[in-house]
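Here is the structure we will look at, set down as structure tokens.
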Amino acid sequence: MTIKLLITYTLCVLCTMRLSALEVDSAVTITSLKNEFRFNWNSKDNRVEIIQKLNNIYTSSAYQVNYTVSEFYNNNISIDNITCKVDGRTPRGFKPEYTYYSNNDIFYSDERLCYFTLDLAKKGSIGNVTFEETVNDPRYFTNIYFADNLPVQQGEVSIEIPRWMKVDIKEFNFNAFNIKKSTVYNSSNDADIITYKFTNIPAMKKELHGPGPTYVYPHLLIMCKSAIVGSKQFTYFNTLADLYAWYHELVKDVAGDPALLRTKSNELTAGLTNDLDKIKAIFYYVQDNIRYIAFEDGIAGFKPEKADEVLRKKYGDCKGMANLTKALLVSAGFDARLCWLGTKHIAYDYQTPSMAVDNHMICGLPYKGKIYYLDATETYIGINEYAERIQGRQVLMEDGDKYILGKIPYAQPQQNVSSEISKLYINGASLAGKVSNVWKGEDKEAVLAGINSIKHENVEDVMKHYLAAGNTDYAINNLVLSSISNPDKDLNAGYDVDRKSGISAFGKEYYIDLDNRKELSGAVIAIDKQKNDYWFSRKDQIATETELTLPPGYKAASIPPGVNISRPGYEFYITYISSPGKITYKKTLLIKNTLLTKANFAQWNQDIELLNKAYNENLVIKPVSQ
Numbered sequence: 002m003t004i005k006l007l008i009t010y011t012l013c014v015l016c017t018m019r020l021s022a023l024e025v026d027s028a029v030t031i032t033s034l035k036n037e038f039r040f041n042w043n044s045k046d047n048r049v050e051i052i053q054k055l056n057n058i059y060t061s062s063a064y065q066v067n068y069t070v071s072e073f074y075n076n077n078i079s080i081d082n083i084t085c086k087v088d089g090r091t092p093r094g095f096k097p098e099y100t101y102y103s104n105n106d107i108f109y110s111d112e113r114l115c116y117f118t119l120d121l122a123k124k125g126s127i128g129n130v131t132f133e134e135t136v137n138d139p140r141y142f143t144n145i146y147f148a149d150n151l152p153v154q155q156g157e158v159s160i161e162i163p164r165w166m167k168v169d170i171k172e173f174n175f176n177a178f179n180i181k182k183s184t185v186y187n188s189s190n191d192a193d194i195i196t197y198k199f200t201n202i203p204a205m206k207k208e209l210h211g212p213g214p215t216y217v218y219p220h221l222l223i224m225c226k227s228a229i230v231g232s233k234q235f236t237y238f239n240t241l242a243d244l245y246a247w248y249h250e251l252v253k254d255v256a257g258d259p260a261l262l263r264t265k266s267n268e269l270t271a272g273l274t275n276d277l278d279k280i281k282a283i284f285y286y287v288q289d290n291i292r293y294i295a296f297e298d299g300i301a302g303f304k305p306e307k308a309d310e311v312l313r314k315k316y317g318d319c320k321g322m323a324n325l326t327k328a329l330l331v332s333a334g335f336d337a338r339l340c341w342l343g344t345k346h347i348a349y350d351y352q353t354p355s356m357a358v359d360n361h362m363i364c365g366l367p368y369k370g371k372i373y374y375l376d377a378t379e380t381y382i383g384i385n386e387y388a389e390r391i392q393g394r395q396v397l398m399e400d401g402d403k404y405i406l407g408k409i410p411y412a413q414p415q416q417n418v419s420s421e422i423s424k425l426y427i428n429g430a431s432l433a434g435k436v437s438n439v440w441k442g443e444d445k446e447a448v449l450a451g452i453n454s455i456k457h458e459n460v461e462d463v464m465k466h467y468l469a470a471g472n473t474d475y476a477i478n479n480l481v482l483s484s485i486s487n488p489d490k491d492l493n494a495g496y497d498v499d500r501k502s503g504i505s506a507f508g509k510e511y512y513i514d515l516d517n518r519k520e521l522s523g524a525v526i527a528i529d530k531q532k533n534d535y536w537f538s539r540k541d542q543i544a545t546e547t548e549l550t551l552p553p554g555y556k557a558a559s560i561p562p563g564v565n566i567s568r569p570g571y572e573f574y575i576t577y578i579s580s581p582g583k584i585t586y587k588k589t590l591l592i593k594n595t596l597l598t599k600a601n602f603a604q605w606n607q608d609i610e611l612l613n614k615a616y617n618e619n620l621v622i623k624p625v626s627q
């Protein structure tokens, strides 16, 4: 499917476009793409439909090429007909396969996949494939992409909009591409035909640490507003109020058995007198005890499962977890609300009312003049901390028949901290001493997620391996780990260390490497491979302080130069401080902005090289007498 409609009723799957994960076959090119869309009044079913005709011409550049053609459809999109010809003939035994589509944690989905193998035997063989489809509800007609899984040499997209149909079209990511637009009036259908012609569109490709496809590839956001057909009038999403009204109708009566929910809420808050403690008890219960599994099924992609069912099953998607959090809080007397939002993976916001804006649901709680946004899918993170993927995103929160449009707060790098303080001394051929570590925010969440994914009896061994960064010469003893089940508390670790790899002796001189971790040392960006801007997973603050007690009668013979790099999006600092009998190494790495644009790749790489140069310098100490 060339347009890949980004059917965003897949609310809880954070990647809104699975097609971008498919491998691109370099031996096949789409030499011609022609997709036609036409709004149609279906008088029999009393609805407006979109008739789609999607045509790709594939050309092979090698012999014996087998390319899998695939097309997604679902309860709101039907595939009415498929034609396939290779070098002018229908392949013998041509029979597409139809199956349910599953991926990762999706345990049930109405999304289906139609696929077949296109056998292009000769170099220069041509495969001509056409899908004829129907979208049965304009609300689900959200995006038209000009890119496909393969490079597109020539393309044309046309949309026929009758004047009884009100549609807004917003163009995204056109600047870097050769795209021409024209509009003509079709008097016989009293319709406007909008046509886009384009050339040389690269294949869609999922890029590690790259932005979502809505930021990168040329496409149209289709916003179906309303229709007047004869005496019949339909309102889709003419305004944000219309979008909210549709959402609000879906979430009526989704609480379930109030007595059961009240019993559970009372159980969770028993003995607690402070409101905030009660809120935390409920929120953390859902975090810790409800397994996140995505669920998609047409309307259920936006409609949560009843809260008592999520509680009974002990699993749910983001909607189910948000709904259970709300229901338990309401049972405890709090004014909890459901919230819709799109994660940062999506380029749109609520200025464009469309289901394409949303892919996530959380719980909002107005309390004492502040709104707490509770995302139970984020395990091991505190109540007032927000994951990078939702920071700064608009939130559509319930308010009865109205809505409240809010925004998730941005967090500073100091929300996410990984710090290490070491006090070391030279013990023969080793650096020995005591180390303490602290993790906060999403850094803590990452460590705890790893710890809690293993059997409890292996926690200490796994934690030792993590702290040693896989270095077998970094021996850890007497490990003391703080509670791993309290999201309100920082994660702390303290231990004794014996590090053999950090020191070399030449005669009476010692060459000492005080940094065991060297974070970001491998962070050079391959400019020739990274085609789009680079997105860090989170803002971060990494802090290291290592105090080395010098042996009696020793002094610093050579102290490495420091690092002092300050850029708008990041900062790197390394210093060595000499004092009587001691050398202190301090390092701070700050990621202040998660977006690193392509224009800044070269500067970033230069700065990483400077950081690595500092990492490779050793402290040298020798006897005072020398």
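Numbering-wise (my numbering), the sequence shown opens with residue 2 and increments by one.
C-beta: ideal position from N, C-alpha, C; glycine also.
Only a predicted model underlies this, so the values are computations on that prediction, with no experimental measurement involved.
Residue i, buried or exposed, once every other Cβ within 10 Å from all chains shown has been counted against 16
i      : result
PRO553 : exposed
ILE300 : Model confidence at ILE300 stands at a pLDDT of 49, short of 50, so the residue's coordinates are unreliable; what they give is reported in the following sentence. Under this definition ILE300 is an exposed residue.
ILE434 : The sequence given here has Gly at residue 434, not Ile. By the 10 Å Cβ count, GLY434 comes out buried.
LYS265 : buried
ARG98  : The amino acid at residue 98 is misidentified as Arg; the sequence shows Glu. Per the 10 Å Cβ criterion, exposed.
GLU461 : exposed
ASP323 : First, the residue type needs correcting, since residue 323 is Ala and not Asp in the sequence shown. Buried is the call here.
ILE622 : buried
ASN417 : buried
GLU24  : For GLU24, the pLDDT reaches just 37, beneath the cut-off of 50, and the residue's location in the model is therefore unreliable, although a value from the coordinates is still provided. GLU24 should be labelled exposed.
THR274 : exposed
ASN176 : exposed
TYR101 : exposed
ILE455 : exposed
GLY442 : buried
PRO214 : buried
PHE507 : exposed
Integer Cβ distance of residue i from residue j, believed to fall under 8 Å
i      : j      : result
LEU407 : ILE372 : Before going on, a small fix: residue 407 reads as Gly here, not Leu. Between ILE372 and GLY407 the Cβ distance is about 6 Å, and since that is below 8 Å, they are a contact.
ARG500 : SER431 : 6 Å
GLY343 : ARG394 : 6 Å
GLU399 : LEU339 : 5 Å
VAL29  : LEU151 : 6 Å
ALA544 : THR589 : 5 Å
GLU208 : ASN187 : Not confirmed; about 40 Å, so no contact.
TRP341 : TYR248 : 6 Å
LEU325 : GLY317 : 7 Å
HIS220 : ASN174 : 7 Å
LYS304 : LEU251 : 4 Å
LEU492 : LYS445 : 5 Å
ILE609 : VAL525 : 5 Å
ILE566 : SER579 : Actually they are not in contact, since the Cβ atoms of ILE566 and SER579 sit about 22 Å apart, beyond 8 Å.
Residues that residue i bridges to, as DSSP identifies them
i      : result
TYR197 : VAL158, LYS182
GLY495 : SER437, VAL481
GLY365 : ARG338, TYR374
TRP536 : LEU596
GLY407 : VAL396
GLY128 : TYR59, VAL87
LYS588 : THR545, ILE575
PRO163 : ALA192
SER559 : VAL621
Closer than 8 Å to chain D by CB, residue i
i      : result
ASP193 : Any reference to chain D falls outside this structure, which holds one protein chain only.
First and last residue of the uninterrupted alpha helix (DSSP H) at residue i
i      : result
THR326 : 319–332
HIS466 : 460–468
ASP276 : 276–290
GLN607 : 602–616
VAL168 : Looking at the DSSP string, VAL168 is not in any alpha helix (DSSP H); the run it does join, the beta strand (DSSP E), is 166–173.
VAL448 : 442–452
ALA242 : 241–251
Limits of the beta strand (DSSP E) - the one that residue i falls within
i      : result
ASP541 : 541–550
THR118 : 113–121
PRO259 : Run containing PRO259: none in the beta strand (DSSP E); it sits in the alpha helix (DSSP H), 259–270.
GLU310 : Not the beta strand (DSSP E): GLU310 falls in the alpha helix (DSSP H), residues 308–314.
> Do three or more CB pairs link the stretch 289–296 to the stretch 218–225 at distances below 8 Å?
Replying inline: Verdict: no, contact absent.
> Per the contact definition of three or more C-beta pairs closer than 8 Å, is the stretch 89–96 in contact with the stretch 55–67?
Replying inline: Counting Cβ pairs under 8 Å, fewer than three are found: no touch.
> Is the number of C-beta pairs between the stretch 596–606 and the stretch 564–572 that are closer than 8 Å three or more?
Replying inline: By the Cβ test, the stretch 596–606 is in contact with the stretch 564–572, since at least three Cβ pairs between them sit closer than 8 Å.
>> Between the stretch 77–92 and the stretch 128–144, can you find at least three pairs of beta-carbon atoms closer than 8 Å?
In response: By the C-beta criterion, the stretch 128–144 is judged to be in contact with the stretch 77–92, since at least 3 inter-stretch pairs fall below 8 Å.
> Does the stretch 169–177 touch the stretch 40–52, meaning 3 or more C-beta pairs lie closer than 8 Å?
Replying inline: Taking a cut-off of 8 Å on C-beta distances, the stretch 40–52 does not touch the stretch 169–177, as fewer than three cross pairs fall below it.
> Does the count of Cβ pairs from the stretch 124–132 and the stretch 192–210 closer than 8 Å reach three?
Replying inline: By the Cβ criterion, the stretch 124–132 is not in contact with the stretch 192–210, since fewer than three pairs of Cβ atoms, one from each stretch, lie closer than 8 Å.
> Should the stretch 351–368 be regarded as contacting the stretch 470–478, the criterion being three or more beta carbon pairs within less than 8 Å?
Replying inline: Short answer: they don't touch.
> Does the pairing of the stretch 374–388 with the stretch 281–288 give three or more beta-carbon distances under 8 Å?
Replying inline: Touching, per the Cβ criterion.
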